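Sequences listed follow chains S and L, in order.
Each residue of the first sequence is one higher than the one before, counting from 1 in the UniProt record's numbering.
Each residue of the second sequence is one higher than the one before, counting from 1 in the UniProt record's numbering.
Beta carbons are placed, not taken as given, at the ideal position from N, Cα and C, and that holds for glycine.
Source: prediction; values computed, not measured.
Here's the structure, in structure tokens; my notes come after.
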Amino acid sequence: MTWTPQQPIVSLKDVHKSFGSVEVLRGISLDVMKGEVICIIGPSGSGKSTLIRCINALNDIQAGSITVEGLEVNDPKLDKLALRRKVGMVFQQYNLFPHKTALQNVMMAPIKVLGQDRAEVENRARALIAKVRLNGKEDAYPGELSGGQQQRVAIARSLAMNPDVMLFDEVTAALDPETVKEVLMTIKDLAADGMTCILVTHEMGFAREIADCIYFTDRGVIVESGPPATFFDNAQDPRTQQFLAQIL
Amino acid sequence: MDLANTFIDWLRPDWFLNLAVVSDDYNRGRYVAGLWMTIKLSVVSIFLSLLVGVLGAAVQGAPSRTLRVAVGLFVAFFRNTPPLVQLYFFYFAIGTVLRITGENGLPQPLISNFGWAIISLSLFAGALNVEIFRAGVEAVPRSTVEAAEALGYTRLQIYTDIVLPLAVRVSLPALGTNLVNLVKTTTLAYAIAVPELLYISAQIWSEDLNVREMMNVLLVSYVGLVAVLVWVLHRWEKALRIPGYGE
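Below, the structure is given as structure tokens:
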């Protein structure tokens with residue numbers, strides 16, 4: 001199946017996922033078009049993180065289908081490298097490689113995984129580090145950086161692979177309030193550049209500002225979705241209203 | 001008072017300092033050869049045991065159950081039996097079966113006693129290294145591995161580039177203890193007549209009747225050897241230290 005930019009870049013159809021006897025995702029369907037930014041919000045344990053981890057095959061699914069640029073993610077014969085070249089991911093706990101400097105963290109995967117030329121990768125890596133506003137920190141180790149700085153290196157590391165879609169799994173949840181802003185700024189720049197972004201977030205103000213579409217999940221299903229203005233000001237489902245009442 | 005005199009006697013120059021291995025050319029030559037043999041046994045066994053440990057720990061994380069069980073059995077066998085018995089097993093049980101016909105038409109062992117000592121010591125220390133590295137591998141957070149997976153790394157690349165470098169750092173203290181023990185365990189090669197330090201010393205003291213001197217020589221030699229190894233390990237640990245990590 002060939003994919004054209006008119007079709008959704010990421011498409012989930014009736015996705016089911018269980019951990020043992022616990023069904024975490026109970027029929028999730030959503031489409032993301034190229035260049036779109038979507039935010040998934042919802043209470044803890046509603047399956048948000050599991051949902052986006054399924055998109056780059058970190059978790060497998062039991063039923064339904066997920067496609068990324070036409071690639072069938074739950075195909076047992078899936079070329080995981082091909083998928084992961086298209087999809088970048090940033091984690092809540094940054095997960096940088098602690099034994100490598102910021103620059104090395106950004107450079108490693110393009111050289112090792114894609115076999116690209118070191119000098120060319122280094123130029124790009126330095127440019128990316130500048131883009132996430134970390135000039136001068138190239139030779140610092142993750143342990144010498146603050147949480148927000150580490151998270152921005154993690155974003156640069158992911159971007160160095162030139163992905164078409166970026167997944168952000170509660171990337172500001174482990175940060176203190178001042179550093180949250182710098183990470184959100186970086187994501188905003190990315191979205192402005194036209195990157196397709198799928199975010200799991202608790203930052204409602206940010207979601208409202210940046211998202212093209214908000215999805216509210218609870219107990220493994222999408223309860224409600226819509227553009228931020230409609231979603232935040234005119235929620236229809238009582239569960240959404242209750243959730244929004246608690247956090248806003 | 002008697003005790004003090006005895007102690008001073010022990011330190012008398014002709015016992016302690018006027019050593020046969022220094023003054024006598026013939027004995028010095030033998031001593032140096034024995035010391036060299038012990039160093040060879042140590043260095044080669046350390047290298048091979050590290051290789052066994054790294055490979056074994058990698059296989060223990062492999063998807064194949066058969067391979068994992070095989071490594072588990074290997075570790076159990078070498079951890080649960082005395083190293084001297086293992087050495088005898090290799091040399092007398094396997095060594096007598098593994099024979100080839102020499103140039104003179106007579107059967108001769110395929111592997112020398114030195115070869116068996118290396119194999120036996122490497123596997124013994126290697127089995128313990130597998131467990132030591134495994135502890136290090138398990139200390140690497142799952143989330144760090146996932147980050148590498150998400151970047152498209154293969155299982156092997158994750159092991160060599162991320163898991164192993166971090167695991168080695170965690171494993172170093174336990175690894176040091178095991179390698180120090182390995183150097184001391186090389187004396188077991190005495191039992192199959194490998195002319196290492198202990199074997200040579202026993203020869204010298206049988207001929208020259210200088211047991212007490214040679215005991216001092218032996219102890220000082222091993223203190224020196226292990227001190228060098230500890231120094232090397234210390235330098236390695238320092239070289240691997242990551243700024244801002246684990247502090």
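**Message:** Please list the terminal residues of the continuous alpha helix (DSSP H) segment that includes Leu182(L).
**Reply:** Leu164 to Thr185
Along chain L, which residues have their Cβ under 7 Å away from the Cβ of Arg26(S)?
Those within 7 Å of Arg26(S) in chain L number zero; the least Cβ separation is about 24 Å.
Original post:
Is the segment 142-157 of chain L in contact with the segment 89-98 of chain S, if contact means three or more CB pairs nearer than 8 Å?
Top reply: yes
Contact with chain L by Lys112(S), beta-carbon distance below 8 Å
yes
Using a Cβ cut-off of 8 Å, pull out every chain S residue sitting near Glu146(L), in sequence order please.
Leu58, Phe91 and Asn95
With distances taken Cα to Cα, identify the nearest neighbour of Val153(S) among Tyr141(S), Thr196(S), Arg85(S) and Val113(S). Tyr141(S)
Per DSSP, Ile17(S) is paired with what?
Note on residue identity: the sequence assigns Lys, not Ile, to residue 17(S). Note: Lys17(S) sits in a beta bridge opposite Leu25(S).
task = Identify every residue that forms a DSSP beta bridge with Cys213(S).
result = Ile38(S)
Could you check whether the segment 202-209 of chain S touches the segment 17-26 of chain S, counting it as contact only if at least three pairs of C-beta atoms, one from each stretch, sit closer than 8 Å? no
In terms of residues, what are the limits of the alpha helix (DSSP H) holding Pro43(S)?
No alpha helix (DSSP H) holds Pro43(S); DSSP gives it neither H nor E.
Verify the CB distance criterion: does Phe109(S) have a CB-CB separation below 8 Å to chain L? Position check: residue 109(S) holds Ala in this sequence, whereas Phe was assumed. Answer yes: the Cβ-Cβ gap between Ala109(S) and chain L drops below 8 Å somewhere.
Subject >> For Thr101(L): DSSP bridge partner residues >> reply: Pro107(L)
Exercise. Ala125(S): buried (16+ other C-beta within 10 angstroms of its C-beta) or exposed?
Worked result: buried
| query | Which first and last residues belong to the beta strand (DSSP E) in which Met37(L) is found? | reply | First-last for Met37(L): Asp25 to Gln60, but that is the alpha helix (DSSP H), not the beta strand (DSSP E).
For chain L, check one thing: does any of its Cβ atoms lie closer than 8 Å to the Cβ of Leu81(S)? yes
**OP:** Please report the residue range of the beta strand (DSSP E) in which residue 257(S) lies.
**Re:** The first residue shown for chain S is 1 and the last is 248, placing residue 257(S) beyond what the model contains.
Using DSSP with H/G/I as helix, E/B as strand and the rest coil, what is Gly226(S)? strand
- Task: Please check if any C-beta of chain S sits within less than 8 Å of the C-beta of Gly152(L).
- Result: yes
From Asp237(S), Glu120(S) and Asn135(S), residue whose alpha carbon lies closest to that of Ile161(S): It is Met, not Ile, that sits at residue 161(S) in the sequence shown. Considering only alpha carbons, the answer is Glu120(S).
Would Met204(S) count as contacting chain L if we go by Cβ distances under 8 Å? no
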